[in-house]
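What follows is one structure encoded as structure tokens, with my remarks underneath.
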Amino acid sequence: MTQPPERDSSGRFVKPPSEDAAPDNRNVHPLSRILFGWVDHPRTPNLLLLLVATAAAGLFLADLVVDRHEYLSFAEWNGFYAWWGFGAFALAVLSGWPLGYLLRRDEDYYGEADTKPQDVEEPDE
Amino acid sequence: MISLLTQINPGLLLVLIGIVGSLMPVRRVRQGLMIATPVLGLVLLAAAPREVDLSVTSALGLELVLYRVDSLSFIFALAFLIASFLNAIYALHSDDQLQDGMALTYAGAAVAATLAGDLMTLFIFWEITAVSSVFLILRAGTKAAYNAAMRYLGIQILSGVLLLDGLAYVYKSTGELSLTAFTSFNDPGALFIFLAFAIKAAFPFLHNWLQDAYPKATVIGAVVLSAFTTKLAVYAFARMFPGFEILIWIGAVMTVFPVFFAVVENDLRKVLSYSLNNQLGFMICAIGIGTPLALNGAAGHAFAHIIYKGLLFMSMGAVLYRVGTTKASELGGLYKSMPWTTIFCIIGAMSISAFPLFSGFVAKSMTMSAVGQGGYAVVWMMLLFASAGVLEHSGIKIPYFTFFGHDSGRRVKEAPFNMLLAMGLASFICIAIGLPMIGGFGYGWLYGLLPCTAAAAADVCMLSGEEIKAYQPYTLDHVLTQMQLLILALLAFMVLKKYGFYPPERPGTILDTDWLYRRPGYGFFVWSGRVWDKLGPAMTTLAGRLASAAFNRLEAAFSPRGTLARGALTTSMAVWSVVLLGIVMAVTLIL
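Protein sequences, first through last, are from chains A and B. Position one of the first sequence corresponds to residue 96 (the numbering used here), numbered consecutively onward. Position one of the second sequence corresponds to residue 33 (the numbering used here), numbered consecutively onward.
This is the structure:
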């Protein structure tokens, strides 16, 4: 499914935009700058991962302290929900690889590729 | 005066005003009607006395109960009316006479079907939901939408026909059409009605109409569609099939399989449609359990779900309206231009993922507890898997790939104010009914609406003398285990994304079981059409030849110039007369 590289009007290859390129910060909504300004910061992904991993560890520890009562006895194992949540999520996501190869067809497979409804706004340009 | 008002069925009111609205060319008047009517409906519903036949008529020798409110129908009708009000606000920026009117009629039909007191009335409004909702798909104006709308209509009408068939059987065997719950499938009517409900509730293998039609509807249409049809079916199951064990397993399967389709699907409105299916599974499963706690779980979940699923469809509608697509592969970075929509979408996503403090948590906890209480370990594990799956496709995939992720470079305007207002109100409800009880404000409002309370509706909830204990969603156990599930699933997402194991979003059509009727099934009909085109004339020619040959033979024998007319009659005629007389005499002698 690789797209052929784009060419400009004189036939030369155009460099595709890289995911690592500096974020494009033109025309950003002022509220976005206040609320989500931190999203584009280069250290954000690692900090978030650290935060979530710490929270996860904290939840495992909390489970040692809390005496849980479950209707189903196996759910009382320490961190049962945590393991099951991690495993279920990973299984769902990883199954996307084989399922994609198995089930994905061309967009126009049924001859109904154009699904843009008429009540969307026409772009200004 | 008050007694007269309580006889007006709010659903019927919405249906009629909707029809008036579709003929009303003045935009502001029409939109005023679209907003005011659901509010009036809410007032009428609140004023109506419970468990009384409020409006009765008779037709075709049947007594029809048009309007009857009890604790189960109340919560569903309330949710439908609130959704209809929010949808009217969401649609204010558009000027589409037919769509506005039909959206209200559709909502009204769902309300009226919920408030119906007998099967025939239910059937009538069941069909009106099908016929009025199809316009919300057709108005998209594309060939894809037209084809999907025709498939949708065919399947919805099939559901209606099955319901009619079932109620005829029920009438024959019991002599009445009341909405009493079935206890077994012994009556064939029960089976037909079950199938009719199953189609509208999008059971596995009967689900494709939903994922086919909803993503092809208009921006507003998809929001409206997401609220009514399927939840009407959930209500119908809760009313007529509570405690049927088969529903537990069907529900569990329904929660699990859409997770896998949602992972690979690129169109985010279609992802939401699969997610809708997964959420219905929780409700169907709870209805199968059938205990008061489980039925409360199903009804509470339906209420919360109507609001947060509407909210998610609204946010994707806003993106579609501004950007022109909801394909994940073409979106990303929209938080830079649509911050309000981003916030509302995240609130919807956290509600559906059942984070504590949001409506999904207080609703889904009841179902999970009821399944655990019933001892269904495998089903419970399936539902837990599906809960992590919801976080994957609705909690993370929808907001992440639309508003964050790889910046698509698209800079658009924020959604129109009316859309933001509708999303804001829906977000408010999601949080308000999810909070712990502080100063009389919080989840208690939702729990106060649940059908099975100690005081209400023994016939709805099959209470066997036992009191219902007040359910506590905010225990340390619940919060801790739910956070473990969600945070570790979130950690899985971050790890898989960081190390490149997360499958990239790619454009394409994902095959589902509707392939069977859209490809081989359709192909078979095309092929048989071609065969008939050839075979038909050939058969006509053959029949013509045979007929003319037979005619020629007969003519050769009997016509004035034929064999029998030739020569004298005497010899052969005399012989034959003697023979015939002989036979007649022989027969009379023997007898």
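Even for Gly, the Cβ is constructed at its ideal location relative to N, Cα and C.
Between the Cα of residue i and the Cα atoms of the options, which residue gives the shortest distance?
i, options, result
"Q131 of chain B", "B:V611, B:A575 and B:M56", "B:M56"
"F335 of chain B", "B:F112, B:R585 and B:A589", "B:F112"
"S35 of chain B", "B:V52, B:L86, B:A570 and B:V75", "B:L86"
"A230 of chain B", "B:N298, B:V255 and B:G283", "B:G283"
"Y138 of chain B", "B:L352, B:F167 and B:T153", "B:F167"
"T139 of chain A", "B:M515, B:F436, B:W564 and B:V610", "B:F436"
"F117 of chain B", "B:R551, B:L457, B:L522 and B:A618", "B:L457"
"M382 of chain B", "B:L279, B:E424, B:Q405 and B:V411", "B:E424"
"A187 of chain A", "B:T262, B:L185 and B:S419", "B:S419"
"A141 of chain B", "B:T287, B:L45, B:L416 and B:F390", "B:L45"
"G392 of chain B", "B:W564, B:G356, B:L578 and B:H333", "B:H333"
"S190 of chain A", "B:G149, B:P536, B:L586 and B:S560", "B:P536"
"A123 of chain B", "B:S105, B:A265, B:R577 and B:G349", "B:G349"
"L48 of chain B", "B:A570, B:S191, B:A254 and B:F157", "B:F157"
"V411 of chain B", "B:I280, B:L508 and B:F345", "B:I280"
What is the DSSP secondary structure of residue i, reduced to helix, strand or coil?
i, result
"M605 of chain B", "helix"
"F108 of chain A", "strand"
"K359 of chain B", "strand"
"T541 of chain B", "strand"
"I430 of chain B", "helix"
"I519 of chain B", "helix"
"R442 of chain B", "coil"
"R102 of chain A", "strand"
"I378 of chain B", "helix"
"R60 of chain B", "helix"
"I470 of chain B", "strand"
"R121 of chain A", "coil"
"R199 of chain A", "strand"
"F387 of chain B", "coil"
"T373 of chain B", "helix"
"A208 of chain A", "coil"
"M96 of chain A", "No answer about M96 of chain A holds up, because its pLDDT of 46 lies below 50 and its placement is not dependable."
"A447 of chain B", "coil"
"P81 of chain B", "coil"
Does residue i pass the burial test, meaning 16 or more other C-beta atoms within 10 Å, or should it be called exposed?
i, result
"G207 of chain B", "exposed"
"K566 of chain B", "exposed"
"P81 of chain B", "exposed"
"P137 of chain A", "exposed"
"D203 of chain A", "exposed"
"S369 of chain B", "buried"
"Q243 of chain B", "buried"
"T603 of chain B", "exposed"
"S27 of chain B", "Past the edges of chain B, shown from 33 to 623, lies residue 27 of chain B, and the structure says nothing about it."
"F175 of chain A", "buried"
"P552 of chain B", "exposed"
"W644 of chain B", "Residue coverage of chain B in this structure runs from 33 to 623, which leaves residue 644 of chain B outside it and unanswerable."
"L170 of chain B", "buried"
"K429 of chain B", "buried"
"G497 of chain B", "Bear in mind that the predicted position of G497 of chain B carries a pLDDT of just 43, short of 50, making it too unreliable to give a figure here."
"P125 of chain A", "exposed"
Find the residues of chain A that neighbour residue i, judging by a C-beta separation of less than 9 angstroms, and give them in chain order.
i, result
"A249 of chain B", "P212"
Cβ closer than 8 angstroms: which chain B residues qualify as neighbours of residue i?
i, result
"D209 of chain A", "T174, K175 and A176"
"L159 of chain A", "Near L159 of chain A there are no residues of chain B at all, since even the closest Cβ is about 11 angstroms away, more than 8 angstroms."
"S190 of chain A", "F292 and V295"
"W179 of chain A", "M413, L416, F417, A420 and L517"
"D201 of chain A", "G540 and T541"
Against residue i, what residues of chain A qualify as contacts under a CB-to-CB distance less than 7 angstroms, listed in chain order?
i, result
"M515 of chain B", "L154"
"Q405 of chain B", "Y166"
"A207 of chain B", "In the sequence under discussion, the amino acid at residue 207 of chain B is Gly, which differs from the Ala named in the question. Within 7 angstroms Cβ-Cβ: nothing; G207 of chain B doesn't reach chain A, min ~43 angstroms."
"V101 of chain B", "Within 7 angstroms Cβ-Cβ: nothing; V101 of chain B doesn't reach chain A, min ~34 angstroms."
"N179 of chain B", "E207"
Going along chain B, which residues have a C-beta under 7 angstroms from residue i?
i, result
"G132 of chain A", "Residues of chain B passing the Cβ test: none, with the nearest at roughly 10 angstroms."
Quick check: is any heavy atom of the ligand COA less than 7 angstroms from the C-beta of residue i?
i, result
"M451 of chain B", "You won't find the ligand COA in this model; it holds no ligand whatsoever."
Less than 8 angstroms between CB atoms is the rule here; does residue i satisfy it with respect to chain D?
i, result
"G356 of chain B", "Absent from the structure is chain D; the protein chains it does hold are A and B."
If the cut is a Cβ gap below 8 angstroms, which residues of chain A does residue i touch?
i, result
"S369 of chain B", "N122, V123, H124 and S127"
"E424 of chain B", "F184, A187 and V188"
"I252 of chain B", "D214"
Counting only Cβ pairs nearer than 9 angstroms, list the residues of chain B close to residue i.
i, result
"G106 of chain A", "Here the premise fails: no neighbours, minimum Cβ distance about 24 angstroms."
"R163 of chain A", "L508, D509, L512 and T513"
>> Please give the ranges of any alpha helix (DSSP H) in the stretch 260 to 328 of chain B, keeping only runs that are unbroken, at least 4 residues long and fully inside the region.
In response: Listed in chain order, they are 261 to 272, 277 to 296 and 300 to 321.
>> Suppose only complete runs of 4+ residues qualify. What are the alpha helix (DSSP H) ranges in the stretch 84 to 152 of chain B, listed by chain order?
In response: You should have 103 to 122 and 129 to 146.
> Which full runs of the alpha helix (DSSP H) of 4+ residues lie inside the stretch 186 to 258 of chain B, going along the chain?
Replying inline: You should have 220 to 232 and 240 to 245.
> Which full runs of the beta strand (DSSP E) of 3+ residues lie inside the stretch 541 to 569 of chain B, going along the chain?
Replying inline: If we require 3 residues or more, the stretch 541 to 569 of chain B turns out to have no beta strand (DSSP E) run fully inside it.
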